[in-house]
Amino acid sequence: SAASDNSQRFRETCFAFALTPQQVQQISSSMDISGTKCDFTVQVQLRFCLSETSCPQEDHFPPNLCVKVNGKPCSLPGYLPPTKNGVEPKRPSRPINITSLVRLSTTVPNTIVVSWTAEIGRNYSMAVYLVKQLSSTVLLQRLRAKGIRNPDHSRALIKEKLTADPDSEIATTSLRVSLLCPLGKMRLTIPCRALTCSHLQCFDATLYIQMNEKKPTWVCPVCDKKAPYEHLIIDGLFMEILKFCTDCDEIQFKEDGSWAPMRSKKEVQEVTASYNGLDGCLSSSLEHQVSSHPPSTKNKKVEVIDLTIDSSSDEEDEEPSAKRSCPSISPASPVTSKG
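Residues in the sequence shown are numbered from 1 upward in steps of one, following the UniProt record's numbering.
In structure tokens form, the structure reads like this:
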């Protein structure tokens, strides 16, 4: 029956651990009571992973995991919404803080009961850790203390990316990157990325660490791959660019590793339009000034020339043209606009 099949697949195991006097003292002295919530900066954490010894393993919960510490249910991370219809929702696998359920005693052991659904060919390991939680400020200080990575590393990566591939018909001769952080859309202050990332685009170290302090995922906001704290580096080339390029939010890398600021089409159009507008204002103003000052007719008769009469002498022909003076703008008298 289905019930018997489920009971055969269901597994439950009990573990026990004890704390040393030093560990009890470390946890107790780290208690931080703010309002109604009690937190510890030194924590007892529970972690699960696949039993695989060939390489370091990431956190990985067994299916249908249920944990009890000293007889009390342990809260697990909430289920993530499914990305596709019909896909079973999954819990994000990460360390579980069980400090509040642990007996801070050197004489009474702590018990952990773990139940899960067994899978053929898959075994899991569990470990209990004593950890100290570090603030984002401390983590940022430590990252800075590691130093800034030599700009030549990034230049070499640029040249590698822009080197012509003989098998490809399309050759990439330039690479555009943003000086805005993809997380906060603000200008980068401490440009960083993970050593495991293959892209040049950086994100802001301060914002990235602060976000992971509140909700630890440690996933690169550019490529969505794992970007753990220990793999973060501060990019020296981007630090140089941010120092010298203060009025632009996007740059273009060239084949030789050099860079140039990029202007958006909108910016270029606005600048061009402003110059065109200025020229238009000057030309229309000049025309207005010229038309506002017709030739002076003071103390002179207005002559009417009949174009139907043929001129019979040179004197008559030249006289009207001599009286047609070219209008000019006098610098001594300012022009007043006439509505």
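Cβ atoms here follow ideal geometry from the backbone N, Cα and C, with glycine treated the same way.
Because the structure is a prediction, the values reported are computed rather than measured.
So for residue i, helix, strand or coil by DSSP?
i      : result
LYS243 : helix
ARG187 : strand
LYS226 : strand
ASP249 : coil
LEU180 : strand
SER198 : coil
THR297 : With a pLDDT of only 46 at THR297, under 50, the local geometry of the prediction cannot be trusted, and the value read off the model is given with reservation. Note: THR297 maps to coil in three-state DSSP.
THR217 : coil
THR272 : Any answer about THR272 is weak, because its pLDDT of 48 lies below 50 and its placement is not dependable; what the coordinates show is given next. Here THR272 sits in helix by DSSP.
PHE203 : strand
THR137 : helix
GLY277 : In this prediction, GLY277 scores a pLDDT of 48, lower than 50, which makes its location untrustworthy; the coordinate-derived value is nonetheless stated afterwards. It is helical.
GLN289 : Its pLDDT being 42, under 50, GLN289 is placed unreliably by the model, and nothing is read from it.
From this set, the options, which residue's C-alpha is nearest residue i's C-alpha?
i      : options                           : result
PRO21  : SER105, HIS60, ARG11 and GLY78    : SER105
GLU12  : PRO109, PRO92, SER54 and VAL113   : VAL113
GLY257 : THR189, CYS14 and ARG176          : ARG176
GLY71  : ASN85, GLN23, PRO92 and PHE15     : PHE15
GLN57  : LEU65, SER100, PRO63 and ARG47    : ARG47
VAL92  : THR173, CYS245, LYS215 and LEU183 : Looking at the sequence shown, residue 92 is not Val but Pro. The shortest Cα separation from PRO92 among THR173, CYS245, LYS215 and LEU183 belongs to LYS215.
LEU179 : GLU240, ASN150, ILE209 and ARG149 : GLU240
PHE61  : ASN85, ARG94 and SER29            : ARG94
ALA108 : ILE158, PHE17 and ARG9            : Before going on, a small fix: residue 108 reads as Val here, not Ala. Of the listed residues, the one whose Cα sits closest to VAL108 is PHE17.
THR41  : THR172, LYS146, THR53 and GLN25   : GLN25
THR246 : GLU255, GLN252 and PRO261         : PRO261
PRO73  : ILE96, SER28, PRO63 and THR53     : ILE96
VAL44  : SER28, TYR208 and LEU237          : SER28
CYS223 : LEU183, LYS146 and THR83          : LEU183
ASP39  : GLN252, ILE98 and MET211          : ILE98
TRP116 : TYR208, TYR229, PRO63 and ILE251  : PRO63
SER136 : GLU213, LEU188, LYS159 and VAL102 : GLU213
ASN123 : ILE209, TYR229 and CYS49          : CYS49
ASN150 : LEU237, ARG9, PHE253 and ASP249   : LEU237
THR172 : SER30, PHE253 and ALA145          : PHE253
LYS146 : TYR229, CYS220 and ASP59          : TYR229
GLN210 : LYS84, LEU134 and ILE251          : LEU134
SER100 : CYS181, ILE158 and ASP32          : ASP32
ALA227 : LEU162, ALA205, LYS243 and CYS248 : ALA205
ARG187 : VAL87, CYS248, GLY86 and ALA118   : CYS248
TRP259 : THR189, VAL219 and ILE158         : ILE158
LEU19  : VAL102, ASN85 and THR53           : VAL102
GLY121 : TYR208, CYS181 and ARG9           : ARG9
LYS161 : SER30, GLU255 and GLU52           : GLU255
LYS132 : GLN23, GLU88, TRP218 and ALA118   : GLN23
LEU242 : THR217, PRO221 and THR189         : THR189
In the DSSP output, what is residue i paired with across the bridge?
i      : result
ALA260 : GLN252
ARG193 : ILE233
ILE148 : ILE234
SER174 : LYS254
Let me see if you follow: with CB-CB separation under 8 Å, is residue i close to chain C or not?
i     : result
VAL87 : The question asks about chain C, but that chain is absent: this structure has only one protein chain.
*Which ranges does the beta strand (DSSP E) cover as unbroken runs of at least 3 residues, wholly within the UniProt domain "PINIT" (1 to 134), from first to last along the chain?*
10 to 17, 31 to 34, 37 to 40, 42 to 50, 66 to 69, 110 to 117 and 124 to 132
*Would you call the region 126 to 138 and the region 70 to 88 touching, i.e. three or more CB-CB distances under 8 Å?*
no
*Can at least three beta-carbon pairs, one atom from the region 224 to 238 and one from the region 187 to 197, be found at a separation below 8 Å?*
yes
_Contact between the region 196 to 210 and the region 140 to 156 is defined here as three or more beta-carbon pairs at a separation below 8 Å; is this criterion met?_
yes
*Is the number of C-beta pairs between the region 57 to 68 and the region 134 to 143 that are closer than 8 Å three or more?*
Not touching, per the Cβ criterion.
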